[in-house]
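To start, the structure under review is shown below, and the notes come after it.
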Amino acid sequence: MLKKLIVAAAMLLTSVSTLVSAADEVNVYSYRQPFLVEPMFNKFTEQTGIKVNVVFAKKGMAERLAREGQYSPADILLTTDISRLIELQDKKLLQAVNSQVIDGAIPAHLRDDNNQWFSLTTRVRNIYSAKRMGDVALNYEDLALPKYKGRICTRSGKHPYNVALVASMVAHHGEAKTQEWLEGVKENLARKPQGNDRGQVQAIHQNLCDLAIGNSYYFGKMINDEKQKVWADAVNINFPNQANRGAHINVSGMAMAKYAPNQTAALALMEFLVSEQAQQMYAEVNMEYPVRAGVKRSALVDSWGEFTADDLSLATIAKHRKTALMLLDKVQFDL
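Mature numbering (1 follows the signal peptide of the UniProt record, and there is no 0) puts the sequence shown at residues -22 to -1, 1 to 313.
Dropping the structure here:
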């Protein structure tokens, strides 16, 4: 009797496994907002017949995946910045993906050396300046100059966008000089770090400061917002370090979950997301820069002009993330 039960259980497991592997669906955990990714998922389903199930979240992805372990239904993970990709990697929640399609679409410095994560779009960490200042050419290093004392606004230094910027400074200048720079920037703050990127541009409009740090796509969002357009009209968007290494960029990205149950469908979706069609949708909807060469920017983004981007590998920046956090605590940047 026991032998029959074991055989029956084995047959049931085989049947379930067949259903799972044959299922025409893929499960996504996403930090990206619905308005941005759902149109692409709908287009993917229309073209392939593969259904996309999405769990949207603002935080806690790594904790959820760790809790679910090998029973997690997650196939693909979408994040809003490099820091969250590295968090997932550090906690061993990802698996390598080998795809000539993906490798051919994404430049080497915008993907993991071991193929565990891949960039989908880029955005610049710009310096916004009050139009009352006129045209200015700025480096990130300039934010620590004494002439800007009491004139700079920023969100929390420990927000992932700023952590990545600080990590890039460590990569370029070393720990000691980056600490000195952070101390200078803190000394120049007009107020305690607070709010989000748009809030810093609002502060310039309100004459609370003259310079602010913020991602490029927020400029486009403010321009297209009836209430916030007046904030955007008060500033110029500057691409830093154009006379030397280029502007720091961050990314949105994707990865395959360690225990992805629908790997074939997941790979199909990942390859779709780096296609010309999906990259163009990203560019138009969220005013980000496509990672795939040859894909046009949105007309609004293109109007901001050409710029040189820092080609420092994101993997290199990621290695300095913990040092960046340590330095931000050491100088008590947010206090």
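Cβ coordinates follow ideal geometry from the N, Cα and C atoms, glycine included.
First and last residue of the uninterrupted beta strand (DSSP E) at VAL252: Taken as a continuous stretch (DSSP letters only), VAL252 belongs to no beta strand (DSSP E), as it is neither H nor E.
Simplified DSSP state of GLN73, which is helix, strand or coil: Shown here, GLN73 sits in a strand according to DSSP, grouped into three states.
VAL114, buried or exposed, once every other Cβ within 10 Å from all chains shown has been counted against 16: VAL114 is exposed by the Cβ-count criterion.
PRO124 versus GLY162 - alpha carbon distance: Distance between the alpha carbons of PRO124 and GLY162: 8 angstroms.
DSSP-derived helix/strand/coil call for TYR9: Annotated three-state conformation of TYR9 is coil, per DSSP.
Proximity winner among MET234, PHE197, MET304, GLY135, relative to LEU278 (alpha-carbon distances): The shortest CA-to-CA distance from LEU278 to any of MET234, PHE197, MET304, GLY135 is the one to PHE197.
ASN5 versus ASN140, ALA243, VAL102, PRO12, residue with shortest Cα-Cα distance: When only C-alpha atoms are compared, the closest one is ALA243.
Cα-Cα separation, SER166 to TYR126: Going by the sequence as given, residue 166 is Asn instead of Ser. Each residue's alpha carbon lies about 6 angstroms from the other.
Sequence-distant residues of the same chain with beta carbon closer than 8 angstroms to ILE28, five excluded per side: For ILE28, where only same-chain residues beyond five positions count, the Cβ hits under 8 angstroms are ASP2, GLU3, VAL4, PHE22, ALA243, ALA246, LEU247.
Under the three-state DSSP convention, the category MET265 falls into: Coil.
Extent of the continuous beta strand (DSSP E) run through LEU97: Looking at the sequence shown, residue 97 is not Leu but Ser. Start and end: 96 to 108.
Alpha-carbon spacing of GLY224 relative to LEU290, whole angstroms: Going by the C-alpha atoms only, they are around 9 angstroms apart.
The region 35 to 50 touching the region 200 to 219, judged by at least three CB pairs closer than 8 angstroms: Contact fails: fewer than three Cβ-Cβ distances are below 8 angstroms.
Close Cβ partners of MET18 (< 6 angstroms) along its chain, the five nearest in sequence each way excluded: Taken in chain order, the residues that qualify are ALA256, MET259.
TRP209 versus GLN180 - alpha carbon distance: Each residue's alpha carbon lies about 5 angstroms from the other.
Member of LYS236, HIS226, THR294 whose CA lies at the smallest distance from the CA of TYR7: Taking TYR7 as reference, the option from LYS236, HIS226, THR294 with the minimal CA-CA separation is LYS236.
Residue 399, buried or exposed, once every other Cβ within 10 Å from all chains shown has been counted against 16: The first residue shown for the chain is -22 and the last is 313, placing residue 399 beyond what the model contains.
Cβ distance (whole Å) where HIS226 is taken to contact ARG103 below 8 angstroms: Rounded, the Cβ-Cβ distance is 5 angstroms, consistent with contact.
Secondary structure, alpha helix (DSSP H): runs of 4+ residues fully inside the region 23 to 47: Note on the region 23 to 47: whole alpha helix (DSSP H) runs with a minimum of 4 residues are 39 to 46, in chain order.
Per-residue burial, LEU292 [other beta carbons within 10 Å of its own, 16 or more giving buried]: Counting Cβ neighbours within 10 Å, LEU292 comes out buried, since at least 16 surround it.
DSSP beta-bridge partners of MET232: Answer by DSSP bridge pairing, in chain order: LEU56, PHE96.
Supposed close pair ILE105, LEU116 - CB separation, criterion 8 angstroms: ILE105 to LEU116, Cβ: 5 angstroms. Contact.
Entirely enclosed beta strand (DSSP E) segments - the region 185 to 246, minimum 3 residues: You should have 189 to 193, 213 to 216, 227 to 235.
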